[in-house]
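Just add 11 to wherever you are in the sequence shown, counting from 1, and you've got the numbering used here.
Just so you know, even glycine gets a beta-carbon here, dropped at the ideal spot from N, CA and C.
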Amino acid sequence: MDDFRREVMECRRCDLCQTRKNVVFGMGDPHADILLIGEGPGAQEDEQGLPFVGRSGKLLDQFLDCFDLARGKNVYIANIVKCRPPENRDPTPYEQEQCIGWLYRQIELIDPKVIVCLGRIAAQVMIRDNFRVSVEHGVFYEKDGRLIMGTFHPAAILRNPNHKPLAFDDFAKLRDKLEELSQKETER
Ligand code: SF4
Numbered sequence: 012m013d014d015f016r017r018e019v020m021e022c023r024r025c026d027l028c029q030t031r032k033n034v035v036f037g038m039g040d041p042h043a044d045i046l047l048i049g050e051g052p053g054a055q056e057d058e059q060g061l062p063f064v065g066r067s068g069k070l071l072d073q074f075l076d077c078f079d080l081a082r083g084k085n086v087y088i089a090n091i092v093k094c095r096p097p098e099n100r101d102p103t104p105y106e107q108e109q110c111i112g113w114l115y116r117q118i119e120l121i122d123p124k125v126i127v128c129l130g131r132i133a134a135q136v137m138i139r140d141n142f143r144v145s146v147e148h149g150v151f152y153e154k155d156g157r158l159i160m161g162t163f164h165p166a167a168i169l170r171n172p173n174h175k176p177l178a179f180d181d182f183a184k185l186r187d188k189l190e191e192l193s194q195k196e197t198e199r
């Protein structure tokens with residue numbers, strides 16, 4: 012992962028390299044069973060070079076903590092694009108296309124059992140381009156031999172607290188799914 016990280020840190024494949032302060036590579040347990048994928052870095056993430064470090068990150072950490080998970084404890088966190096889109100706009104299709112190869116390589120290296128997409132952009136890139144978080148959150152799909160699920164982005168939960176119990180249920184389903192998978196592994 013270290014050589015790969017060095018390569019990504021020098022990336023200039025799209026124009027976001029011109030306005031970024033830091034490439035936000037990702038962080039967590041490099042052998043995690045769970046990979047959380049957000050959309051892209053915000054201002055604080057860009058400043059610190061780490062994913063989900065603002066208010067959204069605190070909320071995400073609280074959710075993880077409720078299920079005895081944490082970044083670095085069976086969880087890895089990354090984004091669809093690794094540099095901050097100015098003014099927190101959505102990453103363009105071109106920027107997503109240029110960056111997604113890095114994420115695919117990260118997925119190969121981490122080899123998670125379950126991928127959780129945080130928010131619409133991540134779910135539409137990773138699951139299906141017409142994925143609707145409000146309707147399909149918490150549903151596990153199988154893609155390329157892995158389970159993948161979409162849920163609400165923590166920033167969306169901060170904007171609309173009605174989403175909080177729904178997202179909490181999705182994380183509970185994630186915990187149950189992991190238990191089911193490890194049970195199956197021990198029975199083999
Ligand atoms: S967003 Fe991705 S593709 Fe664009 S410069 Fe940053 S690392 Fe490279």
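With a cutoff of 8 Å on beta-carbon distance, residue 159 and residue 138 are scored as near each other. Annotation: residue 101 to residue 125 spans about 25 Å, alpha carbon to alpha carbon. With 16 or more other Cβ atoms from the protein chains shown falling within 10 Å of its own Cβ, residue 181 counts as buried. In the structure shown, residue 43 falls within a coil segment according to DSSP collapsed to helix, strand and coil. DSSP places residue 153 within a strand segment (E or B) once states are collapsed to three. Residue range 125-129 is occupied by the beta strand (DSSP E) that includes residue 129.
Residue pairing from DSSP places residue 49 in a beta bridge opposite 90. Per DSSP, the beta bridge partners of residue 158 are 125 and 153. Closest by C-alpha distance to residue 167, out of 130, 78, 57 and 116, is 130. Residue 61 has its Cβ no nearer than 7 Å to any heavy atom of the ligand SF4. Measuring C-alpha to C-alpha distances from residue 48 to each of 189, 59, 187 and 115 identifies 115 as the nearest.
Its Cα nearest to that of residue 87, the residue 40 stands out among 135, 40, 178 and 58. Take residue 51, set aside five residues on each side of it, and the residues of its chain with a beta-carbon closer than 7 Å to its own are 90, 91, 92, 95, 96 and 102, in chain order.
Residues 38, 39 and 40 of the same chain have their beta carbon placed closer than 8 Å to that of residue 83, with the five preceding and five following residues left out of the count.
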